[in-house]
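**Student:** In the order they appear, the protein sequences are chains U, Z, F, B and Y.
Residue numbering for the first sequence follows the numbering used here, beginning at 1 and increasing consecutively.
Residue numbering for the second sequence follows the numbering used here, beginning at 96 and increasing consecutively.
Residue numbering for the third sequence follows the numbering used here, beginning at 191 and increasing consecutively.
Residue numbering for the fourth sequence follows the numbering used here, beginning at 286 and increasing consecutively.
Residue numbering for the fifth sequence follows the numbering used here, beginning at 381 and increasing consecutively.
Next up is a structure, given as structure tokens.
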Amino acid sequence: MLLGRVVGSLVASRKEPLMEGFKFLVLREVGVDGKESAGYVVAVDAVGAGPDEVVLYATGSSARQTVATRDRPCDAVIMAIVDTWEVDGKEIYHK
Amino acid sequence: MLLGRVVGSLVASRKEPLMEGFKFLVLREVGVDGKESAGYVVAVDAVGAGPDEVVLYATGSSARQTVATRDRPCDAVIMAIVDTWEVDGKEIYHK
Amino acid sequence: MLLGRVVGSLVASRKEPLMEGFKFLVLREVGVDGKESAGYVVAVDAVGAGPDEVVLYATGSSARQTVATRDRPCDAVIMAIVDTWEVDGKEIYHK
Amino acid sequence: MLLGRVVGSLVASRKEPLMEGFKFLVLREVGVDGKESAGYVVAVDAVGAGPDEVVLYATGSSARQTVATRDRPCDAVIMAIVDTWEVDGKEIYHK
Amino acid sequence: MLLGRVVGSLVASRKEPLMEGFKFLVLREVGVDGKESAGYVVAVDAVGAGPDEVVLYATGSSARQTVATRDRPCDAVIMAIVDTWEVDGKEIYHK
Chain U
1 MLLGRVVGSL VASRKEPLME GFKFLVLREV GVDGKESAGY VVAVDAVGAG
51 PDEVVLYATG SSARQTVATR DRPCDAVIMA IVDTWEVDGK EIYHK
Chain Z
96 MLLGRVVGSL VASRKEPLME GFKFLVLREV GVDGKESAGY VVAVDAVGAG
146 PDEVVLYATG SSARQTVATR DRPCDAVIMA IVDTWEVDGK EIYHK
Chain F
191 MLLGRVVGSL VASRKEPLME GFKFLVLREV GVDGKESAGY VVAVDAVGAG
241 PDEVVLYATG SSARQTVATR DRPCDAVIMA IVDTWEVDGK EIYHK
Chain B
286 MLLGRVVGSL VASRKEPLME GFKFLVLREV GVDGKESAGY VVAVDAVGAG
336 PDEVVLYATG SSARQTVATR DRPCDAVIMA IVDTWEVDGK EIYHK
Chain Y
381 MLLGRVVGSL VASRKEPLME GFKFLVLREV GVDGKESAGY VVAVDAVGAG
431 PDEVVLYATG SSARQTVATR DRPCDAVIMA IVDTWEVDGK EIYHK
């Protein structure tokens, strides 16, 4: 899984029927050092993430293993909201 | 999912039988800042996207989860046409 | 799917039994502008592609969705021979 | 599979129900020369890895093939703790 | 599939039970021009590859389609030993 910060949202009214009702969030990629990079992904929200929260997202076929996204054309899903992480004994992020 | 702009189309008359009848569109990758990059992908259109529209596309096995592409050798599918998205409270794109 | 040009072939007599009988072609990656890059992939040919032809290839699990490659340890398959594509109304390639 | 060193851990109390009970470890990518790179991944631990251990991790759908992670939205799993590896006859790492 | 040269091996005594009995080989990536790059992967050997041999390896879910690796948390498998390949009519490699 990779880390991302919720920086925005996206609206798409015309879409594959199996994707109706999902909330699309824009994530900016976050490194393990807590710094944001230029990379981004648009992910379906499976946990109720809010603006600016740092989240874990899964990609590929694993993005279809949440209750909400099973068998849907979704390749990125937010599956956890991060509380904290530490690297080499030092806390990098605390919600 | 990633963002792309429909910049062209592709014709391939000789192809795997399971891919008959699909429309192949050429997408230029679009960043979350709305800028286009050099990257591209050829995707199957599952939603009737038109020229210059910005779309969401799914890759890998998720590209086979639309009604049209199930069990076909397709690894990129347009599954939504984007209306708008915003980043850090600022609208980046509006159709 | 991505674009590649057939630049060569590869022979491997000792292989996983499920891969017997396949033809391996060497593809150089082609950009949407028609230019070749340094990237390459070795793909199974499912459509009878010939030398120098520009093809579409699918990767990952989608490479196992042709009739020939189903349930085989193949992660790249040529599934179409390209006739032509255009970008921004300009024809980039014609076979 | 790729190599990583366990450099930290991550806590996420709000998550997809199927991910309850897993331990998330932060891995820094390790090259075959034993050097660490800037890349990282957050992986589920399936083998009881400890701090600073070098591990093998699998990604994508293969990350759901351990007994623990089957059918869960997990795209990276630690599936082995490395004892040693050698390159060109020279031992690069010994636990 | 991609090309790699067998440059070493790896031992991991503590591992996911489904991975018992496999031989892990270290592959350095080889380009279509025959040159080695800095990239590497640790792959399960399904064909009995030896030191210095150039092999084809499959990644992702396709790495679980050999008889040996089916349903195991393996994301890279050696599925062929390369005899020879040619590019633009010129032999690049001969075993």
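All C-beta atoms in this analysis are idealised placements derived from N, C-alpha and C, irrespective of residue type, glycine included.
Keep in mind it's a predicted model, so treat the numbers as computed, not measured.
1) Quick one: what does DSSP say residue 167/Z is sitting in, helix, strand or coil?
2) Can you check whether the C-beta of residue 371/B is within less than 7 Å of a C-beta belonging to chain Y?
3) Between the segment 420-440 of chain Y and the segment 384-395 of chain Y, do at least 3 Cβ pairs fall closer than 8 Å?
4) Residues of chain Z with a CB under 7 Å from the CB of residue 220/F: which are they?
5) Looking at the unbroken beta strand (DSSP E) that takes in residue 470/Y, where does it start and where does it end?
6) Can you check DSSP and say which residues form a bridge with residue 371/B?
7) Hey, does residue 108/Z have any beta-carbon neighbour from chain F nearer than 7 Å?
8) If you draw a straight line from the alpha carbon of residue 319/B to that of residue 377/B, how long is it in whole angstroms?
9) Using DSSP with H/G/I as helix, E/B as strand and the rest coil, what is residue 381/Y?
10) When we look at the beta-carbon of residue 73/U and count the other beta-carbons within 10 Å, is it buried (16 or more) or exposed?
11) How about the segment 140-155 of chain Z and the segment 164-181 of chain Z: do they share at least three Cβ pairs that are nearer than 8 Å?
12) Give the interface partners of residue 440/Y over in chain F, defined as CB-CB distance under 7 Å, in chain order.
13) Looking only at its chain, what residues have a beta carbon closer than 8 Å to the beta carbon of residue 398/Y, apart from the 5 residues adjacent to it on each side?
14) Run the CB neighbour count on residue 252/F, radius 10 Å, all protein chains shown included, and call it buried at 16 or more, exposed below.
15) Here's the rule I'm using: 16 or more other beta-carbon atoms within 10 Å means buried, otherwise exposed. How should residue 285/F be labelled?
16) If you reduce the DSSP assignment to three classes, tell me which class residue 39/U lands in.
17) So which residues on chain B does residue 6/U lean against when the C-beta distance must stay under 9 Å?
18) Please list, in chain order, all residues of the same chain as residue 68/U whose beta carbon is under 6 Å from its beta carbon, the five residues on each side excluded.
19) Run through chain F and tell me which residues come within less than 7 Å of residue 114/Z, C-beta to C-beta.
20) Name the two residues that bound the continuous beta strand (DSSP E) containing residue 404/Y.
21) Reducing DSSP to helix, strand and coil, say where residue 253/F ends up.
22) Is the CB-CB distance between residue 311/B and residue 406/Y below 7 Å?
23) Give the straight-line distance between the Cα atoms of residue 53/U and residue 150/Z, rounded to the nearest whole angstrom.
24) Identify the contact partners of residue 37/U in chain Z, using a Cβ-Cβ distance below 7 Å as the criterion.
25) For residue 254/F, which residues in the same chain have their Cβ closer than 7 Å to its Cβ, ignoring the five residues on either side in sequence?
26) With distances taken Cα to Cα, identify the nearest neighbour of residue 194/F among 228/F, 250/F, 280/F and 256/F.
**Tutor:** Taking the geometry as given:
1) Position 72 of the second sequence holds residue 167/Z. Residue 167/Z: coil per DSSP, three-state reduction.
2) Counting from 1 along the fourth sequence, the entry for residue 371/B is found at position 86. Chain Y, which has a Cβ nearer than 7 Å to the Cβ of residue 371/B, makes this yes.
3) yes
4) Within the third sequence, residue 220/F is the residue found at index 30, counting from 1. Neighbours of residue 220/F on chain Z: none; closest Cβ ~10 Å, over 7 Å.
5) Stepping through the fifth sequence from its first residue, residue 470/Y is reached at position 90. From DSSP, the beta strand (DSSP E) with residue 470/Y extends over 470-474.
6) Working through the fourth sequence from its first residue, we reach residue 371/B at position 86. Answer by DSSP bridge pairing, in chain order: 376/B and 389/Y.
7) By one-based count along the second sequence, residue 108/Z stands at place 13. Chain F, which has a Cβ nearer than 7 Å to the Cβ of residue 108/Z, makes this yes.
8) Working through the fourth sequence from its first residue, we reach residue 319/B at position 34. Working through the fourth sequence from its first residue, we reach residue 377/B at position 92. Going from the Cα of residue 319/B to the Cα of residue 377/B covers about 6 Å.
9) As a working mapping, residue 381/Y is identified with position 1 in the fifth sequence. Reduced to three states, the DSSP call for residue 381/Y is coil.
10) Sequence index remark: in the first sequence, residue 73/U carries index 73 (1-based). Residue 73/U comes out buried.
11) yes
12) Along the fifth sequence, read from residue 1 onward, the residue named residue 440/Y stands at position 60. Within 7 Å Cβ-Cβ: 250, 251 and 265.
13) By 1-based counting over the fifth sequence, the position of residue 398/Y is 18. Only 451, 452 and 453 meet the Cβ criterion.
14) Position 62 of the third sequence, counting from 1, holds the residue named residue 252/F. Flag for residue 252/F reads buried.
15) Position 95 of the third sequence, counting from 1, holds the residue named residue 285/F. Flag for residue 285/F reads exposed.
16) Position 39 of the first sequence, counted from the start, is the residue given in the question as residue 39/U. DSSP places residue 39/U in strand when its eight states are reduced to three.
17) For the purposes of this step, residue 6/U is identified with residue 6 of the first sequence, where counting begins at 1. Within 9 Å Cβ-Cβ: nothing; residue 6/U doesn't reach chain B, min ~13 Å.
18) Counting from 1 along the first sequence, the entry for residue 68/U is found at position 68. For residue 68/U, where only same-chain residues beyond five positions count, the Cβ hits under 6 Å are 46.
19) Counting from 1 along the second sequence, the entry for residue 114/Z is found at position 19. Neighbours of residue 114/Z on chain F, chain order: 269 and 270.
20) Along the fifth sequence, read from residue 1 onward, the residue named residue 404/Y stands at position 24. Segment 404-410, the beta strand (DSSP E) holding residue 404/Y.
21) Translated into positions along the third sequence, residue 253/F becomes position 63. Residue 253/F falls in the helix class under three-state DSSP.
22) For the purposes of this step, residue 311/B is identified with residue 26 of the fourth sequence, where counting begins at 1. For the purposes of this step, residue 406/Y is identified with residue 26 of the fifth sequence, where counting begins at 1. Going by C-beta atoms, residue 311/B is not nearer than 7 Å to residue 406/Y.
23) Counting from 1 along the first sequence, the entry for residue 53/U is found at position 53. Counting from 1 along the second sequence, the entry for residue 150/Z is found at position 55. The straight-line gap from Cα to Cα measures roughly 25 Å.
24) Walking along the first sequence from the start, residue 37/U turns up at place 37. Neighbours of residue 37/U on chain Z: none; closest Cβ ~11 Å, over 7 Å.
25) Position 64 of the third sequence holds residue 254/F. Hits under 7 Å: 260, 261, 262 and 264.
26) Position 4 of the third sequence, counted from the start, is the residue given in the question as residue 194/F. Of the candidates 228/F, 250/F, 280/F and 256/F, the one whose C-alpha sits nearest the C-alpha of residue 194/F is 228/F.
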